[in-house]
Amino acid sequence: MKNDPAVREASQRVYDIVLRHYGNRAWWAGFLISSFFLLVLLVALTVLFWWGVGIWGINIPVAWGFAIVNFVWWIGIGHAGTFISAVLYLCNQNWRNSINRLSEAMTLFAVTCAGMFPVIHLGRFWRVYWLAPYPNTMEVWPQFRSPLIWDEFAVGTYFTVSILFWYLGLVPDLAALRDTAPKRLQKIFYGVLSFGWSGSSLQWARFQAAYGILAGLATPLVVSVHSIVSTDFAAAQVPGWHNALFPPYFVAGAIFSGFAMVLTFAIPLRKFFHLEALITPDHMDKMAKVMLATGLIVAYGYIMEGFMAWYSGSQEEWQLLRFRFTGPYAVVSWLVMICNVIIPQALWLPRVRKSPLLLFILSLVINLGMWLERFVIIVTALSKDFLPSSWALFYPTFWDIATLIGSLGLFSWLFFLFIRFFPMISVHEVKKEYAEA
Amino acid sequence: MSQIKISRRQFLKRAGLLFAMSQLPACKPRPEEIIPYVKMPERLVPGNPKFYATAMTLRGIARGVLAESHMGRPTRLEGNPQHPESLGAIDPVSQAEIYTFYNPARSKGGLEKGKEIVRERQIQIIKTLAASLPERQGEGFRILMESSASPSLEAEVRKLLRALPRTVVHRFDPVSRDPVYEATARAFGQELQPVYDFTRPSFILSVSGDFLGDMPGALRYSRDYTEQRRRSSYATRLYSIECVWTLTGAHADKRLPVHPDQILPALLYILYRAGLHAEVPVPAESALRGFCDETAGGLKLAGAGGLIIAGEMEDPALQALCHVANSRLGSTAVRYISPVEVLRGETRSINELVEAMRDGSVRTLLVLDSNPVYTAPSDLAFEEAFLRVPDRIHYGLFRDETAARSTVHLPAAHNLEAWGDGKAYDGTVSIVQPLIQPLFDSVSPLELFSLLNSEAKSGYELVRDYWRYKAGGEFEKWWRKSLEDGIISGTASQSSSAAPVMNPDEVVAASQAPFNASSFTLVLCPDHRIWDGRYAENPWLQELPEPFTKLVWDTALFMSQKTADSLQVQHGDQVEIRQRGRMTQAAVFVLPGIADGTGFMTLGYGRPLLMQSKAAPSFNAYLLRTSSEPWVLRGVELAGRGAPYEFVSTQNHFNMQGRDIIHVVKGEDKTGRRLEQSKDPSISLYPPQPQEPYEWGMVIDLSSCIGCGSCVMACQAENNIVSVGKDQVGRSREMHWLRIASYFKGSEQNPQVYFQPIPCMHCETAPCEVVCPVAATSHSVEGLNEQIYNRCVGTRYCSNNCPYKVRRFNFYNYVDGDTEILKMFRNPDVTVRARGVMEKCTYCVQRINEARIRAQRENRRIREEEVRTACQQACPTGAIVFGNIMDRESEVAKARKNPRNYSLLAGLNTRPRTTYLAYVSPIGEES
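Protein sequences, first through last, are from chains U and G.
Residue numbering for the first sequence follows my numbering, starting at 1 and increasing by one per position.
Residue numbering for the second sequence follows my numbering, starting at 1001 and increasing by one per position.
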């Protein structure tokens, strides 16, 4: 396998995508479609900033709607990247090398999309800097008891570490691009970005140490970020939110949906850019197994949520549970069960795990299911809390949907830019893996 | 294409000119007339409001108010403590008059054949008319007006009629009190008005008699009734028999909804069982029989302490029967006075007017402050006849349907800008004094008549002249005192000593028609908020939730589930309502507690409004109304199920779902259910709040709350709360800081209703405070949960975490910052909130701070009576108590020690400062 020509060819192709615009037509098609949806987002944001959050379907009592659902969903998606690049790295799971760059990039862009939502959902988003602890003449600090402040720190840290980790891993590949670039401009561009990387043994040793440390730093973040995001809900006393189960349940859900998103992107990329040699069915099989495992944890979470609603003896919790599965949002709740619990059981079958098409479909189903899960958690709980006199339902508006679709546009737009300008697969790690093999 | 040849210099010049021209519209003078102070009047301190006593009229009858005036602008109305009806309380409608006064939709000037005219031309038109009248002794000149209780107006009209004997004045009220007078005429041989004294009776039977709701005197009656109930340790009993929901029925110890045709037989049976007249058939239904037997027993036992009170719109025979029965019981709770409305004898009906219009004998018709094109009974075809009159002059506040069909429209003056007077429900006279120069080119009704009398005196002179003659003696002193007090002392009407002349057996004999409930009966009622439609242009009232359904901006065809099933319609179905060739549209609203076979609709909706941006189409019940059947329409058919209709309510769930929300106890000394009450209130992760000399708290007595909505309106007026319109309420974005939750409990047929006003609870351990990332909501040392608007960034997390959902969010920039006139009556002490911030009840912190400043200046402590929240002040029943809980002698501290005191959702350990006193239901079940 040492000199597998297919691998060598595919590795070269990764560089060619960047340097020689390999697969240009597919890229342009994808980029233009993403740009259109990015435009949708820009229009939606302009309307939002002009009129206010009233353009969405939120109300009192359901004061959080799509924006927060999207936020939690995007943050969750980001998790797979960190999990793949850091946790699997520390566990010496070398198969990750084919997908870690993709998933790290996905993390960055997902966190970017996620981070946008808490800002734009503010009634007065132009005052968002008040959430930051900075010395000011008002002599007011943010309120550190608020889970939203925890969020800010958790997500901020996460984004910083993720971008460092991603960039560090890129450096050797950027140097390789610099060395093989056919055009002068490319040489300068990658030369600047690669920080004078020469590939000396000393540099490699430093690189490994730094990479290891960052992986060590990033690992707890996999657990902490979504745990803290879950406290937005768990620390509040709304029935359906106030639940100690939320942190692990959210983390598992995050990895579940994150892996699904990696597959959603990896499978078409592999096809269009002919990278089958690098992202093999074996990789997909392993990712599918992770999804199956985390999916089961999520299913356990659902069961425990229901159990606790009954076991707590809390009237509100129990009525909420019944409302979720029999009320006006019942379709959504049952869809969550179907998408996240029932359909993923197909992953027990090796045939499914190795079929790119089936996995691709499944990954879409899981992405949808996880988005709907966040919707159920946030919206149904708020629409039926303590006093029946204040209950009301949430209906999304056109702008809710436009913003969600627009955020998908932003994500894929960033992603397409990434695969045009940076190697989407960590070639140096793949080579190392094969060399060691 | 030709090129434009323009040099750089020319371009700059022209661009500069364009820019300058674009700024020109800003130079236009403001359209409204405002009056600046040239010299600062003495004793007027900016920021310190002044209060003037005046009166608002509803159905022609005056309710005393105090108008708060900031820098010469009236900003808010509250009750006049000296006025016999108000005693300091105020109803929602009177409070909303301040909006009517400044309403941007008000008519701002006259119209002649559709063209705007200046004030001089208006006066000229009236003068020309006045000059032309004497020639033919007023022949062909008619006036259509509503009932009025203004003595000075009476004098002016009489003067006119004396000078022009052939002029005819017609009187028409969409919600007429004529049945009251017909009834007393029958019972006593003369027109009298009953005045009740609710401090006396121990057993009350209300026969659709809504003395807590829309009866004149209701504010006083509500106060007396609830106070007497508290004083007697809930020994008084109120039984109510009615076909639709009234506030009185909702508050009754026992209520029975029955078909309107069953009410009279039931009443006769009750009176027979109470031994008051001859035998009548026994009702067939066991529920009805049981209710009647119980009521009869109660009446018998109470004797002189019994009272039967009939609704003013009920059949005169039924009302007369009640008067005779009260007299036979020897009831001490009712006395009779001469009618407070004036000109009853001198006026003729609208039917005669229509006849005259049709035969062409009316040359000029003056429609005074009413809108008959919309409100007149549909069988009269008023509009058609009206258009035959050559000169049609409409005088009114709004350019309404009648204005649009008139040749001349004159803008009317509001009570806040015109002199006048009016009698209260018991005859006590209040002088109406204006607080400001007329905002627009309007004359007052008195001035209008004076012009017609070719005198052209000012309203001030007219009122003074009238009362100078009446007062005698030292007039100036008397005048000053009457204005200061808001009432003329000693003007309450004397009780009549008339004895009944009617034999109840006549009614018994006449009422033997068998009850037939096979067809659907529609009952029309005035609306609790917009009355007969006259307040339809008032967004405050339109958005005040209806007490039972919490509907806003709308009416519906209300009926019970059983009736809906039998008519094969469902909640939300749009139907055509047909009766005798007349037809209107409505949507079905299923509401428990309405008699089977009966539905009801309220009047006043379904008009094209001038204020279109916020409203939406609704349903017009007037289209079905005839002069012979104004209230109860029998043999009504429903047809044509249309598309489902989206009702907009501020509350969507009326069932408590078995939750511990309203505590009900049997007696005053009983404690409520405390299953969830925290055992150890000190459990908290946070250190206890320090105790200061002032710790504010509020107690709301659920047993005294009648659900009238006065507190909601008071809160809106005090705290600059915006009405957001039907669309936004439909998205659950209403802004009321205080809501009255309504819950139905018990059977679908005849449920018990509970009203629960919910302001901010000001929790000691407020869940909203810990979740705000920017500390925009924080706890004051005095226990207030404060919202800092300019710090709020609008995460809305506080609202999510508030278990009471009392927080309101500015999803859009709801406040109208462009309409100048709306800025004039905002409370200058309360911040106007902009887009993107959260707001909520502050316990009227501006009032607390005002009292604190005063107290500090005088180096003393704040006195208890100095701080009263707006809701507390307006409440007619004293259900809301507010004050310093550290002061053991304060009413609020005492109320918190009441065994009935409980916290809402106590199990959450939020430790609310607002607590509730359990509902007392002596004959109901505890829960």
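Heads up, the beta-carbon is just placed ideally off N, CA and C, and yes, glycines get one too.
Got a sec: which bits of the region 1787-1803 of chain G sit with their beta carbon under 8 angstroms from any beta carbon on chain U, in order along the chain?
Taking 8 angstroms as the Cβ-Cβ cut-off against chain U, the residues of the region 1787-1803 of chain G that qualify are R1791, C1792, V1793, G1794, T1795, R1796, Y1797, S1799, N1800, N1801, P1803.
Taking 8 angstroms as the CB-CB cut-off, is G:Y1812 touching chain U?
At a cut-off of 8 angstroms between C-beta atoms, G:Y1812 counts as an interface residue with respect to chain U.
For G:G1459, which option in G:A1310, G:A1333, G:R1009, G:P1438 has the closest C-alpha, if you only look at C-alpha atoms?
Shortest Cα-Cα distance from G:G1459 to any of G:A1310, G:A1333, G:R1009, G:P1438 involves G:P1438.
Quick one: is G:Q1657 near chain U, going by C-beta distance under 8 angstroms?
Chain U places a beta carbon closer than 8 angstroms to that of G:Q1657, counting this residue as a contact.
Measure how close the beta-carbons of G:P1547 and G:L1247 come, nearest whole angstrom, since I'm counting them as under 8 angstroms.
So it is a contact: roughly 6 angstroms between Cβ atoms.
For G:W1696, does the count of other Cβ atoms within 10 angstroms reach 16, so buried, or fall short, so exposed?
Counting the other Cβ atoms within 10 Å of the Cβ of G:W1696 gives 16 or more, which makes it buried.
Any C-beta of chain C within less than 8 angstroms: which residues of the region 23-55 of chain U qualify?
Protein chains in the displayed structure are U and G, and chain C is not among them.
Mapping the DSSP letters down to three states, classify U:I267 as helix, strand or coil.
In this structure, U:I267 counts as helix in the three-state DSSP scheme.
DSSP state of G:C1705 mapped onto helix, strand, coil
The three-state reading of DSSP puts G:C1705 in coil, since its state is none of H, G, I, E or B.
Close beta carbons around U:L410, own chain, < 6 angstroms, minus the five adjacent residues each side
For U:L410, same chain residues with a beta-carbon under 6 angstroms away, outside a window of 5 residues either side, are L38, L41, C113 in chain order.
Going by other Cβ atoms of all chains shown within 10 Å of its Cβ, with 16 needed for buried, is G:P1031 buried or exposed?
Model confidence at G:P1031 stands at a pLDDT of 46, short of 50, so the residue's coordinates are unreliable; what they give is reported in the following sentence. That one is exposed.
Any beta-carbon of chain U closer than 8 angstroms to the one on G:N1652?
Yes - at least one Cβ of chain U is within 8 angstroms of the one on G:N1652.
Burial state of G:S1286, where buried means 16 or more other Cβ atoms lie within 10 Å:
Around the C-beta of G:S1286, fewer than 16 other C-beta atoms lie within 10 Å, and the residue is accordingly described as exposed.
Those residues which DSSP pairs with G:I1117 across a bridge
According to DSSP, which records beta bridges pairwise, G:I1117 is partnered with G:G1110.
Using C-beta distances below 6 angstroms, list every residue in its chain close to U:Y249, excluding the 5 sequence neighbours before and after it, in chain order.
Excluding positions up to five away in sequence, the list reads G301.
Would U:V222 be called buried (16 or more neighbouring beta carbons within 10 Å of its own) or exposed?
The residue in question, U:V222, is buried, as its Cβ has 16 or more Cβ neighbours within 10 Å.
Note down, in chain order, each residue of its chain lying with its Cβ closer than 8 angstroms to the Cβ of U:L131, except the 5 sequence neighbours on either side.
Closer than 8 angstroms at the Cβ level, and outside the excluded window around U:L131, lie P142, L148, I149, E152.
Since G:I1661 meets chain U, which of its residues come closer than 7 angstroms, beta carbon to beta carbon?
Those are L387, listed as they occur along chain U.
So, do the region 1909-1924 of chain G and the region 1818-1837 of chain G have three or more beta carbon pairs nearer to each other than 8 angstroms?
No, they do not touch.
Just the C-alpha distance for G:T1332 and G:D1315, rounded to the nearest angstrom, thanks.
Taking the straight line joining both Cα atoms gives about 24 angstroms.
Just checking: is the beta-carbon of G:F1449 within a distance shorter than 8 angstroms of some beta-carbon in chain U?
It does not: the Cβ of G:F1449 has no partner Cβ on chain U nearer than 8 angstroms.
Quickly, what does DSSP pair G:L1917 with across the bridge? List them, please.
G:L1917 has G:D1701, G:N1901 as its beta-bridge partners, per DSSP.
If you measure from the beta carbon of U:N59 to each beta carbon in chain G, is any gap under 8 angstroms?
True, the Cβ-Cβ gap to chain G drops below 8 angstroms.
Interface residues of chain G facing U:L321 [CB-CB closer than 8 angstroms]
Those do not exist, as U:L321 stays about 13 angstroms from chain G at its closest Cβ, beyond 8 angstroms.
Buried or exposed for U:W50, please, with buried defined as at least 16 other CB atoms from any protein chain shown within 10 angstroms of its CB.
U:W50 comes out exposed.
Which chain U residues sit within Cβ distance under 7 angstroms of G:R1808?
One finds I60 in chain U with Cβ atoms closer than 7 angstroms to the Cβ of G:R1808, taken in chain order.
Taking the alpha carbon of U:T403 as the reference point, which residue from U:W27, U:L45, U:F31 has its own alpha carbon closest?
The option with the nearest alpha carbon to U:T403 is U:L45.
Closer than 7 angstroms at the beta carbon, the chain G residues around U:Q186:
For U:Q186, there are no C-beta contacts with chain G under 7 angstroms, since the nearest C-beta of that chain is about 44 angstroms from it.
From G:V1632 to G:R1255, what distance separates their C-alpha atoms?
Annotation: G:V1632 to G:R1255 spans about 20 angstroms, alpha carbon to alpha carbon.
In this structure, what does DSSP give as the bridge partners for G:L1638?
Its beta-bridge partners are G:I1577.
Alpha helix (DSSP H) segment containing U:S363, residue limits:
356-375 is the extent of the alpha helix (DSSP H) around U:S363.
Would you tell me roughly how many angstroms separate the C-alpha atoms of U:C91 and U:I228, rounded to the nearest one?
Distance from the CA of U:C91 to the CA of U:I228, rounded to the nearest whole angstrom, comes to 25 angstroms.
Helix, strand or coil at G:C1715 [DSSP, three-state]:
For G:C1715, the three-state secondary structure derived from DSSP is helix.
Is G:E1676 helix, strand or coil when you go by DSSP?
With a pLDDT of 43 at G:E1676, under the threshold of 50, the modelled position of this residue cannot be trusted, and the question is left open.
With DSSP collapsed to three states, give me the class of G:G1016.
In the structure shown, G:G1016 sits in a helix (DSSP, three-state: H, G or I).
With 16 as the cutoff for other CB atoms within 10 Å, does G:W1540 come out buried or exposed?
Taking every protein chain shown into account, the CB of G:W1540 has 16 or more other CB atoms within 10 angstroms, so this residue is buried.
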